[in-house]
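The opening residue of the sequence shown carries number 1 in full-length UniProt numbering; numbering runs sequentially from there. Even for Gly, the Cβ is constructed at its ideal location relative to N, Cα and C.
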Amino acid sequence: DILYNSQNSIPPGGKIGIITFDKDIHFYNLQLEQAQMLVVSDINDVFVPLSSGLLVDPTQSRLVIEGLLDSLPAMFAENKIIEPVLGAVVKAVHMALNETGGKLLIFQTALPTLGPGSIRHREDSKLYNTDKEKTLFGPQDNYYKTLAVNCVDSGICIDLFLFPNTYIDVATIGETYFYPNFDAQRDGEKFVHELKQNFSREFGYNALMRIRCSNGLKVADHFGNFNMRNTTDLELAGIDSDKAFGALLKYDGKLDEKTDAYIQCALLYTTSSGQPLRGGKKCNFQLRYVLVLLIYKKLINVRIVGANLTSDVRVHCMRLIKSIGVSESIALFYPRLFPVHNLSDQRPSCLRKSDIGANTFYHSTFTVAE
Numbered sequence: 001d002i003l004y005n006s007q008n009s010i011p012p013g014g015k016i017g018i019i020t021f022d023k024d025i026h027f028y029n030l031q032l033e034q035a036q037m038l039v040v041s042d043i044n045d046v047f048v049p050l051s052s053g054l055l056v057d058p059t060q061s062r063l064v065i066e067g068l069l070d071s072l073p074a075m076f077a078e079n080k081i082i083e084p085v086l087g088a089v090v091k092a093v094h095m096a097l098n099e100t101g102g103k104l105l106i107f108q109t110a111l112p113t114l115g116p117g118s119i120r121h122r123e124d125s126k127l128y129n130t131d132k133e134k135t136l137f138g139p140q141d142n143y144y145k146t147l148a149v150n151c152v153d154s155g156i157c158i159d160l161f162l163f164p165n166t167y168i169d170v171a172t173i174g175e176t177y178f179y180p181n182f183d184a185q186r187d188g189e190k191f192v193h194e195l196k197q198n199f200s201r202e203f204g205y206n207a208l209m210r211i212r213c214s215n216g217l218k219v220a221d222h223f224g225n226f227n228m229r230n231t232t233d234l235e236l237a238g239i240d241s242d243k244a245f246g247a248l249l250k251y252d253g254k255l256d257e258k259t260d261a262y263i264q265c266a267l268l269y270t271t272s273s274g275q276p277l278r279g280g281k282k283c284n285f286q287l288r289y290v291l292v293l294l295i296y297k298k299l300i301n302v303r304i305v306g307a308n309l310t311s312d313v314r315v316h317c318m319r320l321i322k323s324i325g326v327s328e329s330i331a332l333f334y335p336r337l338f339p340v341h342n343l344s345d346q347r348p349s350c351l352r353k354s355d356i357g358a359n360t361f362y363h364s365t366f367t368v369a370e
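As structure tokens, this is what we get:
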């Protein structure tokens, strides 16, 4: 339903394919009257067994695609194998999309412990709040880092939907959607919403971003999820409207008080329909915004130590914080307060300190991570 009913889900001329995997990789020919499975067992020397039929027009092959999706649960109902060969699958998809680019959505439930890119269980609560804790937040080796760079070069972006019951080592590639101990009643609506948003939002491929400043300022560092080969250009396999990036600005000289300081963010990308576009945003920062940031910096010096969350949760949150927009970050960081003294069907405006008085009463909701 999400695939065919979401607005802008597949652009005109776009194609889709389906691959399933456990200890083997299952490719599907979708150009026949009924989907045909082809199994690749040699995961150390993986290849794509189809020259055509792997990627098809979703409209022309709709009945075949829907039939396969309906039959997949029954086909693997008795499958108890929990050794997914994720690394080999991504490599195979890179082979298939190397010339055209595209987008890969991975639905994963267990730690990939077999084949190229296999990952060992390294979760150790004894490392929490120590100098060695940071080792849990990075890739175990260079396999996925190298594969990610190759995907960026080919314009292939990767999104992971993770549904683990145990440790899965989120510190890998791509954008992550994390549903630990997935429960359909609790998490189903969130999953459907995020998957639908992933399909329907505007998307660009092979993106290149650069931030420029006026005289007296320079970009000292960049923050976010991207690849950089030099000190100025941010390389992105894909970009969408839900992503954000940060930059550290420093004085490179004396600013002229008689003129404004400017920052320009330029983005070059290819649309889903194959059209190259260039976008730019120029910002003029005034003193009051700098003052707000200065006050925030003064007040945020207190270090707060939280509970011992698993490394999977921490890595997912770190990746989320590095890419979410301003409005989403406000919803994430600030407590949810509802004015009980003035209930309304309309969404309340942002709460300010001046709004709180002797005759006001607010209800706050909290989410506890387990």
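- Message: Spatial neighbours of ALA220 within its chain, please: C-beta separation below 6 Å, excluding the five flanking residues on both sides.
- Response: LEU248 and LYS250
- Item | Entirely enclosed alpha helix (DSSP H) segments - the segment 6-79, minimum 4 residues | 62-75
- Message: Quick check: what's the CA-CA separation for GLN346 versus LEU69?
- Response: 40 Å
Check: So who's on the other strand from ARG212, going by DSSP bridges?
Finding: GLN264
Measure the C-alpha to C-alpha separation of PRO12 and ASP153 and round it to an integer number of angstroms. 24 Å
Run the CB neighbour count on HIS94, radius 10 Å, all protein chains shown included, and call it buried at 16 or more, exposed below.
buried
- Item | Endpoints, beta strand (DSSP E) assigned at THR176 | 175-178
message: Suppose contacts are defined by Cβ-Cβ distances below 8 Å. Is GLU123 in contact with SER329 by that definition?
response: no
Alpha carbon to alpha carbon, how far is LEU287 from THR109? The predicted position of LEU287 is uncertain, since its pLDDT is 48 and thus under 50; a value taken from the coordinates is nonetheless stated next. Spanning the two alpha carbons is a distance of roughly 49 Å.
* Go ahead and label GLY87 buried or exposed: buried means 16 or more other beta carbons lie within 10 angstroms of its beta carbon, across all protein chains shown. => buried
Which class does PHE203 belong to by DSSP, given the choice of helix, strand or coil? strand
Note to self: Checking 8 Å against the spacing of the C-beta atoms, do VAL56 and ILE106 come in under that value?
What the structure shows: no
With 16 other Cβ atoms within 10 Å as the buried cut-off, status of LYS103: buried
Q | Extent of the continuous alpha helix (DSSP H) to which VAL93 belongs | A | 86-97
Margin query: Ignoring anything shorter than 3 residues, give me the beta strand (DSSP E) runs that lie fully in the segment 233-263, in order along the chain.
Written below: 233-240 and 246-251
Q: Spatial neighbours of HIS316 within its chain, please: CB distance less than 7 Å, with the 5 preceding and 5 following residues excluded, ordered by chain position.
A: VAL170, THR176 and PHE178
| What are the start and end residues of the alpha helix (DSSP H) that includes VAL170? | Where VAL170 is concerned, there is no enclosing alpha helix (DSSP H), given that its DSSP letter is neither H nor E.
For this session: Let me know the secondary structure DSSP gives ALA110 once reduced to three states.
Result: coil
Sequence-distant residues of its chain with Cβ nearer than 6 Å to GLU202 (five each side left out): SER241
- Message: Please state the DSSP three-state secondary structure of ASN198.
- Response: helix
- prompt: Roughly how many angstroms separate the alpha carbons of ALA207 and VAL340, rounded to a whole number?
  reply: 46 Å
* To do: Return the chain-ordered list of same chain residues with a C-beta closer than 8 Å to the C-beta of LEU147, the five sequence neighbours on each side being excluded.
  => GLY87, VAL90, LYS91, HIS94, GLY117 and ILE173
What residue range does the alpha helix (DSSP H) around LYS145 cover? 143-154
### Query
Could you give the distance in angstroms between the alpha-carbon of VAL368 and the alpha-carbon of GLU83?
Any reading at VAL368 needs caution, since the residue's pLDDT is 44, under 50, leaving its predicted position unreliable; the model's value is listed next. Distance between the alpha carbons of VAL368 and GLU83: 31 Å.
Q) CB PHE137 to CB ARG314, shorter than 8 Å? A) yes
Q. Hey, is the segment 181-199 in contact with the segment 223-237, meaning 3+ C-beta pairs nearer than 8 Å?
A. no
Which value, in whole angstroms, describes the spacing of the CA atoms of ILE158 and CYS265? 24 Å
*asked:* Can you tell me where the beta strand (DSSP E) holding VAL340 begins and where it ends?
replied: Note, VAL340: premise wrong, no beta strand (DSSP E); not H, not E.
Exercise for review: Note the first and the last residue of the continuous alpha helix (DSSP H) segment covering ASP312.
Suggested key: 311-321
Check your understanding: CB-CB under 7 Å to VAL85, same chain, minus the five flanking residues each way: which ones, in chain order?
Key -> PHE21, LYS23, ILE25, ILE43, PRO112, LEU114 and GLY115
>> Suppose you measure from the CA of ALA244 to the CA of TYR28; what does that come to, to the nearest Å?
In response: 36 Å
For this session: With 8 Å as the threshold, decide whether the Cβ of SER214 is near any Cβ in chain D.
Result: The chain labelled as chain D is not found in the depicted structure, where only one protein chain is given.
| query | Is the distance from the Cβ of ILE211 to the Cβ of ILE168 below 8 Å? | reply | no
Using only the alpha-carbon positions, how far apart do HIS193 and ASP252 sit?
45 Å
I need the straight-line Cα distance from PHE338 to THR360, nearest angstrom please. 11 Å
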